[in-house]
Amino acid sequence: MSTSTSALPLSSISIQQLYGLLQPITVPNTSPNAKFTNWSGTFTCSPLAVFEPETELQCELILELARREGRVVRAVGVGHSPSDLACTTGYMLRTTKLDKLLEVHADKRYIIAQAGITLDALHAELTSHGLAMINVGSISDQTLGGIVTTATHGTGIKYGVISTHVMGLSLLLADGSRVFCSPQERPDLFTASICGLGSTGLILTVTLEVEPAFRLKEVQQTFQFHECVRSLDSLITASEHVRFWWFPAADTMRVSSADRTAEPVKPAGSWLWHSLIGFHVVQFLLFVARFILPLNVFIGRFASWLVSTKVIAIDDSFRIFNMECRYPQHTTEWAIPYENTKSCLYDLHDWLMREFSDPNGLRPHFPIEVRFSDSDDIWLSPSSGQKTCWIGIIQYKPYGFEVPYRLLFERFEAILCRHGGRPHWAKAHHLRPETLRRLYPRFDDFTRVLGSVDPRGMFRNEYVERHIFGKTGPGYHNRVFKRHAPSR
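According to our numbering, the sequence shown is numbered sequentially starting from 31.
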């Protein structure tokens, strides 16, 4: 872009000039990247155009074009969300080249990074400065902006969702203005944006609280389901970061307890589970079980046996926090008030035992992941106002092939809803504004902010229009971007 052109007010640039300036960052229609498919291969879309900006000015040009043409702009990172949260029929803005660590303030324990940086890259950058994120979810193949705008979480009953570590954001709003927001400056916009589903504006940079680099000592051991649930409160409070992996077919819980430590690194893990043999044998068995459903019970017990030994590992924090997602999958995850955890787990257990005892019952995969987070005051955070237990269920897609999951998820979600469940925003769910308004007391404050900063709806894709504004019709159905035909 020439200096003379970049110095012009955007309004004075002709539409032809805009097309020309955006051409170098526009993905050709013939490229496979002109279409979007999420990581799990469950949702796909064909945007009107896909842009890959490298500068903030290029982002401004994309928004200028969208304003003139009345188009929607949807930002997307690596596409790990297992829903259609990133999908659009308008313009798609890939943030993966806006991936720099801009400032490091080790003495004050914060950094400023572009929103498109992946957590994998951020971990490497922070390590070189002797720093680390305070808490991390199960995966790091996602962008910083993506985890902030969905209030993604790790685990630890005294640790909030990752958005609680955000100190400030710079945003490009729908009118083209660049603004900074924080708890002190434009606090409503800030609170709306740190779980805003990408609908308040384009996140350019994130000011993130960090801490000196640390190691975690993790102890993994297996308990019987009822033994684990009876001891729930003592288990959760005995360590900083606790999570469970539940293998229903074996009636066991794999408990991971991790604490900060100064002990030297000692990587460890289940050789059978993490080896190529374990990976490929399990995937092949899951494939065969598509045709012989009862085989899923054996596979669940086999997988539980693979990880049944007690394991102690000491490593860099993010290496302990992260886990291998293994195969593409369908997944749903819900957050419930912590005080409902025991009764919810017992209800889920009773339901699954009925399924297993029925020759024609459903056969879930494994594990069911159970994690915890502290309460927060973020308007749309599933942990807003309550200490939280997160429960997630999956159905793997061995070799990318479809498996039955819809009825399983419907029955799972019905139980979670009875216990005050709120869905993880990055994952597919069925709730609409009338229900969400009851679950989130500040829901109307959120929509008020959206109406203020984006009255025309430039950042409202089909997901936002459907779940936040209640739009209906063929173009807003929750399966409009579904990649495959419905599965049982």
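C-beta atoms are modelled at their ideal positions from N, C-alpha and C, and glycine is treated no differently.
Per DSSP, the bridge partner or partners of residue i
i: Met361; result: A small correction: the amino acid at residue 361 is Thr; Met does not occupy that position in the sequence shown. Thr361 is bridged to Ile424.
i: Met122; result: Val80 and Arg104
i: Cys419; result: Ile366 and Phe402
i: Glu241; result: Ala162
i: Trp275; result: Arg284 and Glu399
i: Cys447; result: Beta-bridge pairing links Cys447 to no other residue.
i: Tyr435; result: Looking at the DSSP assignment, Tyr435 forms no beta bridge with any residue, so it has no partner.
i: Thr235; result: Gln144 and Ser200
i: Thr56; result: Phe81
Contact set for residue i: own chain, Cβ-Cβ below 8 Å, skip 5 residues either direction
i: Ser405; result: Gly190, Ser413, Ser414, Gly415, Gln416, Lys417 and Thr418
i: Val108; result: Trp69, Thr126, Thr148, Asp171, Gln172, Thr173 and Gly176
i: Ala162; result: His153, Leu156, Val240, Glu241, Pro242, Ala243, Phe244, Asp346, Ser347 and Phe348
i: Arg384; result: Gly391
Residue nearest to residue i in terms of C-alpha spacing, selected from the options
i: Val295; options: Arg349, Arg284 and Ser286; result: Arg349
i: Ile342; options: Ala298, Val327, Ala365 and Pro367; result: Ala298
i: Ala13; options: Ser70, Thr74, Ala145 and Leu238; result: Lying before the first or after the last residue shown, residue 13 is absent from the chain, which here runs from 31 to 518.
i: Leu115; options: Gly226, Ile233, Glu94 and Leu132; result: Gly226
i: Arg29; options: Ile55, Ser269, Thr157 and Asp281; result: The shown model of the chain, from 31 to 518, leaves out residue 29, and the question about it has no answer.
i: Leu316; options: Leu128, Glu354, Gln359 and Arg284; result: Gln359
i: Asp377; options: Asp407, Thr237 and Phe255; result: Phe255
i: Thr235; options: Glu385, Val479, Glu354 and Lys130; result: Lys130
i: Trp420; options: Lys247, Asp474, Leu446 and Pro213; result: Leu446
i: Arg513; options: Ser41, Thr67, Gln46 and Asn63; result: Thr67
i: Gly198; options: Ser212, Ser207 and Pro217; result: Ser212
i: Ser207; options: Tyr368, Pro39 and Thr60; result: Pro39
i: Ala319; options: Val433, Thr74 and Gly184; result: Val433
i: His310; options: Pro428, Phe253, Pro54 and Val337; result: Pro428
i: Thr85; options: Pro394, Val510 and Arg124; result: Arg124
i: His110; options: Phe321, Glu369, Asp137 and Lys457; result: Lys457
Chain-order list of residues whose beta-carbon lies under 6 Å from that of residue i (same chain, five-residue window excluded)
i: Lys65; result: Ser76
i: Gly170; result: Going by the sequence as given, residue 170 is Ser instead of Gly. Leu149, Asp150 and Asn352, listed in sequence order.
i: Phe439; result: Thr362
i: Ala279; result: Val327, Gly330 and Arg331
C-alpha distance - residue i paired with residue j, whole-angstrom precision
i: Leu202; j: Gly160; result: 31 Å
i: Thr361; j: Ile424; result: 4 Å
i: Trp455; j: Tyr426; result: 20 Å
i: Thr180; j: Ile224; result: 7 Å
i: Phe402; j: Glu82; result: 36 Å
i: Pro504; j: Ile498; result: 17 Å
i: Ile164; j: Pro112; result: 25 Å
i: Thr157; j: Ala243; result: 7 Å
i: Ser287; j: Gln250; result: 7 Å
i: Ser41; j: Glu99; result: 13 Å
i: Asp345; j: Glu293; result: 9 Å
i: Ser261; j: Tyr357; result: 31 Å
i: Gly450; j: Ile366; result: 6 Å
i: Leu469; j: Ile45; result: 44 Å
i: Phe396; j: Ala333; result: 8 Å
i: Leu132; j: Glu257; result: 48 Å
i: Asp388; j: Phe277; result: 18 Å
i: Leu323; j: Phe431; result: 15 Å
i: Ile43; j: Glu94; result: 10 Å
i: Asn63; j: Thr119; result: 15 Å
First and last residue of the uninterrupted alpha helix (DSSP H) at residue i
i: Tyr506; result: Note, Tyr506: premise wrong, no alpha helix (DSSP H); not H, not E.
i: Ala154; result: Leu149 to Ser158
i: His379; result: Thr371 to Ser387
i: Ala222; result: Pro217 to Ser223
i: Ile408; result: Segment: none, Ile408 is in no alpha helix (DSSP H) and carries neither H nor E.
i: Ala343; result: No alpha helix (DSSP H) holds Ala343; the beta strand (DSSP E) holding it covers Val341 to Asp346.
i: Gln214; result: Note, Gln214: premise wrong, no alpha helix (DSSP H); not H, not E.
i: Ile322; result: First-last for Ile322: undefined, no H or E at that position.
i: Tyr493; result: Glu492 to His497
i: Ser338; result: Neither: Ser338 is in no alpha helix (DSSP H) and is coded neither H nor E.
i: Pro463; result: Pro463 to Leu469
Residue i: first and last residue of the uninterrupted beta strand (DSSP E) it sits in
i: Cys211; result: Arg208 to Cys211
i: Phe476; result: Where Phe476 is concerned, there is no enclosing beta strand (DSSP E), although the alpha helix (DSSP H) it sits in stretches over Phe473 to Val483.
i: Gly198; result: Val196 to Leu202
i: Lys247; result: Arg245 to Gln254
i: Val295; result: From DSSP, Val295 is part of no beta strand (DSSP E); its letter is neither H nor E.
i: Val191; result: Counting along the chain, Val191 falls outside any beta strand (DSSP E), and DSSP gives it neither H nor E.
i: Val134; result: Leu131 to His135
i: Ile177; result: No beta strand (DSSP E) contains Ile177, which is instead part of the alpha helix (DSSP H) from Leu174 to Thr179.
i: Ile141; result: Tyr140 to Gln144
Close Cβ partners of residue i (< 7 Å) along its chain, the five nearest in sequence each way excluded
i: Asn483; result: A small correction: the amino acid at residue 483 is Val; Asn does not occupy that position in the sequence shown. Result list for Val483: Leu203, Ala204, Leu219, Thr230 and Gly231, in chain order.
i: Arg472; result: Trp409
i: Arg139; result: Glu239, Val240 and Glu241
i: Ser32; result: Bear in mind that a pLDDT of 49 at Ser32, under 50, signals an unreliable position, so the model cannot answer this.
i: Ile266; result: Ile187, Val272 and Phe402
i: Asp263; result: none
Check: residue i C-beta below 7 Å from any heavy atom of the ligand NAP
i: Thr185; result: Only the bare structure without any ligand can be found here, which leaves the ligand NAP out of the picture.
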